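Chains as they are written, first to last, in the working numbering: chain V, 31 to 354; chain F, 326 to 474; chain G, 72 to 342. Note that CB positions come from ideal geometry on N, CA and C, so glycine has one too. Bear in mind the structure is a predicted one, so any value in this text is a computation, not a measurement. Here the structure comes first, spelled out in structure tokens, and everything after it is commentary.
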Amino acid sequence: MDLVLKGLNIKGGYELPELYVDAVSDVSLELHRNEVFGIAGESGCGKSTLIKILYGYVEPPLTLKNGSVELYTNDGNTFNISSLSPDELRKTAWWRHVSYIPQNAMNVLNPTTRVRNHFTEMYTAYMGLEKSEAFGRAQKYIESFGLPNDVLAAFPHQLSGGMRQRVVIAISLLLEPNLVLADEPSSALDVINQRAALMFLKNAQKMLGNTLVLVSHDMGIQGILTDRMALMYAGKLIEVGETQAIFDNSLHPYTKALVKSLPRLGDKADREGLKGQPPDLRQPPPGCRFYPRCPHSRPICQKEEPKILEIERDHHVSCWLYVS
Amino acid sequence: MPSLSVSYILEVLTRLSVPALSIILVSLASWFLSMKALALSVKGEDFVSYAIIRGLSRKVVTKYVMRHSLLPQITSLALSLGYIFNGALVTEYIFAYPGLGRLLYQAITNADYNLMLGILSYSIIGVALAAFVLDLVYPLIDPRIRYGG
Amino acid sequence: MKASNPLKATIGVLIVLLTFAFILPHFAPYDPRRWATVPRDQPPLIAYPFGTTTVGQDLFWLSSYALRNSITLGVLTAFVSISIAFLLGAIAGFTRSSILRYTLTLFIDSFCLIPGLPVLIVLAYSWRKYLSPVLIALILSIFGWAWPSRQVRSLMLSLRERPFTYTALLSGFGMIRMFFHEYLPYIVKWLAVSFLGLLNWAIGMETTIAVFGLSSLEEATIGSIIYWAMQYQAILRGIWWWLLIPILILVLLIMTLYELSKIAGELIGAR
Chain V
31 MDLVLKGLNI KGGYELPELY VDAVSDVSLE LHRNEVFGIA GESGCGKSTL IKILYGYVEP
91 PLTLKNGSVE LYTNDGNTFN ISSLSPDELR KTAWWRHVSY IPQNAMNVLN PTTRVRNHFT
151 EMYTAYMGLE KSEAFGRAQK YIESFGLPND VLAAFPHQLS GGMRQRVVIA ISLLLEPNLV
211 LADEPSSALD VINQRAALMF LKNAQKMLGN TLVLVSHDMG IQGILTDRMA LMYAGKLIEV
271 GETQAIFDNS LHPYTKALVK SLPRLGDKAD REGLKGQPPD LRQPPPGCRF YPRCPHSRPI
331 CQKEEPKILE IERDHHVSCW LYVS
Chain F
326 MPSLSVSYIL EVLTRLSVPA LSIILVSLAS WFLSMKALAL SVKGEDFVSY AIIRGLSRKV
386 VTKYVMRHSL LPQITSLALS LGYIFNGALV TEYIFAYPGL GRLLYQAITN ADYNLMLGIL
446 SYSIIGVALA AFVLDLVYPL IDPRIRYGG
Chain G
72 MKASNPLKAT IGVLIVLLTF AFILPHFAPY DPRRWATVPR DQPPLIAYPF GTTTVGQDLF
132 WLSSYALRNS ITLGVLTAFV SISIAFLLGA IAGFTRSSIL RYTLTLFIDS FCLIPGLPVL
192 IVLAYSWRKY LSPVLIALIL SIFGWAWPSR QVRSLMLSLR ERPFTYTALL SGFGMIRMFF
252 HEYLPYIVKW LAVSFLGLLN WAIGMETTIA VFGLSSLEEA TIGSIIYWAM QYQAILRGIW
312 WWLLIPILIL VLLIMTLYEL SKIAGELIGA R
């Protein structure tokens, strides 16, 4: 089966005392095998929340209000991620079939444990190996990635940020899952290390043939690395499709403004920005959430939310401009 | 007579059980509070949620949290060991327990300044020594502060 | 807010205690401190709600009087300690002169490390003929200021090094104006919480040295009631209320003050 993950009508957010933050609202998407799928959008648009829901790491105050997430593995198993508890997921799907690289990955390693212990405890937990055997496997694994051997013996604070990032990426690929969810894997690094980390991820994806979901607000990264991508705004999916199509033929006004704002070689014209801010998700507005900032708005945009429509092959958009 | 016989040791233990219990019960509360605050703050750290995400069992994650919360507690433990030499003044007075604390009180009421000076110096050296040993031992337990690392 | 229930309970108990301590003594039908005013060794009855002592005092009126003294003494100690702590700590943290900073820091840290209880006992014992609540408050203040002073100092240091200080200075704000306009509101809030903590400490400390008999024995305080109860072997003779009542009142007072300081701390922490 070509599909790796199907998310339908996902609605989730943060349940705080006396209010609910609608972080992800009615998002549906399909991920195919052997592709790099990007999720782009500004800070606060719900990308990280969506990733957590897709992984199934839903701990309070995060709640899944509606929707389903199904994972289809290479060997024909189906996991209904949205209905399983974290404990059940831990025993079945996590890390074996889907892994997660959290945001701020440089700081997720345990400061008082050596790097090799991070690997050995994974081997012990998932394959029941003895410590010595696990240690040997970890060494071979690290070498296969091209990372120096003394990384294993070090403590996390003795490594540079870029190296720690690569270690976290290596840990995520340990059991060769079908789906890897990477949340801003390079945002905290300098450009040199950014490239190294991203190339690391991309080469691993090519070698293993898995599906990589790359969440990043950096459109440049999305353009270079992803095959297909989705754009989110204020918790809603506004445009999904092949990356090339989205850049060459942006449909949604937000996408158009975003692509226009990217610097290009030789283009010295002034960059324009959109005025305004995304809406407050504690009290989301009834109509299209982009309405206050949209230069092409119509009366209906304020009243009703547009549905997602397929405009050309594998290029969907949610905007009233394309409904008539 | 003081000796290493079982009956003597048993008698000492019986005699000190109630005063010790009164001190333990009172100090337990503050240890609970600080451990709770520490464990809560450690639980919220990134590496703990990463351990959960990675699918490590609850047992392993609890071990992580405990290990991290214990580190500052060891500092407090070392310092409170140093305070042994202070003598538990009030407790020994109330239970009429013949220890350093009661000796100090008797020194005060008898205006025995030499004895007072001796006991107080003893306690200061005790605390300073405990702090010194702690400084030497701490890098062994917390890898983040190894010198030159 | 759901958190207001502990607050309401705490404030309720506090009001009860304060009424007991400050309003009730005015209604006492006799001077509670005088001996042989009521029948001795009466257990708690309607006539004598808290019972009576071996020397013929009504424990109810006595403890209300004593509570007033204890609280007043605590407040005085806390006030003097906070003032000294603030003065020394603020200078130590704020000053640019490294000599002043170093000397003051050394001074403050030394007072933190000196074992307080033995020295307090020495002082109280030497002056036992002159002990009155005011003198005790002053003696307690000698050690009470040390730890809060350390905290004020580090607070000042951190405020000074914050970016907003540099920004303000570069924009032309004078240092003195900086101090009064920006720092003071923040510090005053912190001092209020510290005051409650000091109050708790002072009451506990006074009770501790009272148990040794080193408190004001004519002016009753909660601690001195405990002392006299122990002196007259109250427990052994079955007069359990003489010891239990002051202990209960003390525990109630300290718990309430602690809850109050915790709530105040949360109020300050919540931005």
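Taking the alpha-carbon of residue i as reference, which of the options has the nearest alpha-carbon?
i	options	result
A80/G	I339/G, G336/G, E337/G and L328/G	L328/G
H62/V	R301/V, D278/V, L92/V and G239/V	G239/V
E334/V	Y44/V, P325/V and V353/V	V353/V
Y263/V	P47/V, I201/V, E72/V and V138/V	E72/V
L133/G	I293/G, I318/G, K333/G and M301/G	I293/G
I318/G	L138/G, V109/G and V84/G	L138/G
A455/F	A413/F, A403/F and G426/F	A403/F
P314/V	V54/V, L59/V and K36/V	V54/V
A436/F	W198/G, M301/G and S203/G	W198/G
P468/F	F165/V, T142/V and P293/V	T142/V
Y136/G	E289/G, G187/G and I162/G	E289/G
P256/G	V87/G, L240/G and L230/G	L230/G
E253/G	F235/G, L315/G, V264/G and W261/G	F235/G
Q133/V	L395/F, V367/F and F372/F	F372/F
Does any CB atom of chain G fall closer than 8 Å to the CB of residue i?
i	result
T434/F	yes
L406/F	no
S347/F	no
L358/F	no
Where does the unbroken beta strand (DSSP E) through residue i begin, and where does it stop?
i	result
V66/V	V66 to A70
H346/V	H345 to V347
L35/V	L33 to L46
R258/V	R258 to Y263
Quick one: what's got a C-beta closer than 8 Å to residue i's C-beta in the same chain, skipping five residues either side?
i	result
M94/V	It is Leu, not Met, that sits at residue 94/V in the sequence shown. Cβ within range, chain order: I40, K41, G42, I83, V88 and S112.
F9/V	Residue 9/V lies beyond the stretch modelled for chain V, which goes from 31 to 354, so this question has no answer here.
Excluding sequence positions up to five away, which residues of its chain have a Cβ less than 7 Å from the Cβ of residue i?
i	result
T273/V	G68, Q252, G253, T256, D257, R258 and M259
I399/F	I466
R312/V	L49 and V51
L461/F	none
I280/G	L191, I192, A195 and S286
R471/F	P464
L267/G	L328, L331, S332 and A335
L142/G	Reading off the sequence, residue 142/G comes out as Ile, not Leu. Correct list, in chain order: A92.
If we define contact as Cβ-Cβ less than 8 Å, is residue i a contact residue for chain V?
i	result
Y389/F	yes
P468/F	yes
S328/F	no
R392/F	yes
Verify the CB distance criterion: does residue i have a CB-CB separation below 8 Å to chain F?
i	result
F175/V	no
P189/G	yes
R120/V	yes
H187/V	yes
Y87/V	yes
W125/V	yes
I82/G	no
Go to residue i, then tell me how far its alpha helix (DSSP H) extends in each direction, as first and last residue.
i	result
Y119/G	Counting along the chain, Y119/G falls outside any alpha helix (DSSP H), and DSSP gives it neither H nor E.
F165/V	K161 to S174
I258/G	L255 to V282
T387/F	R383 to G407
I334/F	V331 to K368
In its own chain, which residues sit with a C-beta less than 6 Å from the C-beta of residue i, not counting the 5 before and 5 after it?
i	result
V109/G	T123, G127 and D129
H282/V	I268, E269, V347 and C349
I330/V	W350
Within the present structure, is the beta-carbon of residue i separated from the nearest heavy atom of the ligand NAP by less than 7 Å?
i	result
T150/V	By its list of ligands, the structure shown contains no ligand whatsoever, and the ligand NAP lies outside what it can speak to.
Original post:
If you measure beta-carbon to beta-carbon, which residues of the region 360-386 of chain F are closer than 9 Å to chain V?
Top reply: E370, D371, F372, V373, S374, Y375, A376, I377, I378, R379, G380, L381, S382, R383 and V385
**OP:** Give the residues from the region 129-143 of chain V that approach chain F closer than 7 Å (Cβ to any Cβ), ordered along the chain.
**Re:** Y130, P132, N134, N137, V138, L139, N140, P141 and T142
Original post:
Residues in the region 259-273 of chain V with C-beta within 9 Å of chain F's C-beta atoms, listed in sequence order?
Top reply: none
Original post:
Using Cβ-Cβ distances below 7 Å, what residues of the region 311-338 of chain V are close to chain F?
Top reply: none
Subject >> Residues of the region 446-465 of chain F with Cβ closer than 7 Å to any Cβ of chain G, in chain order >> reply: S448
**OP:** Identify each residue in the region 172-198 of chain G for which the Cβ-Cβ distance to at least one residue of chain F is less than 8 Å, and report them in chain order.
**Re:** L184, P186, L188, P189, I192, V193 and Y196
Original post:
Along the region 148-159 of chain V, what residues have a CB closer than 7 Å to any CB found in chain F?
Top reply: E151, M152 and A155
Original post:
At a Cβ cut of 7 Å, what residues of the region 255-283 of chain G count as close to chain F, listed as they run along the chain?
Top reply: T279, V282 and F283
Subject >> Residues in the region 415-432 of chain F having any Cβ partner in chain G nearer than 8 Å >> reply: V415, Y418, I419, L429 and Y430
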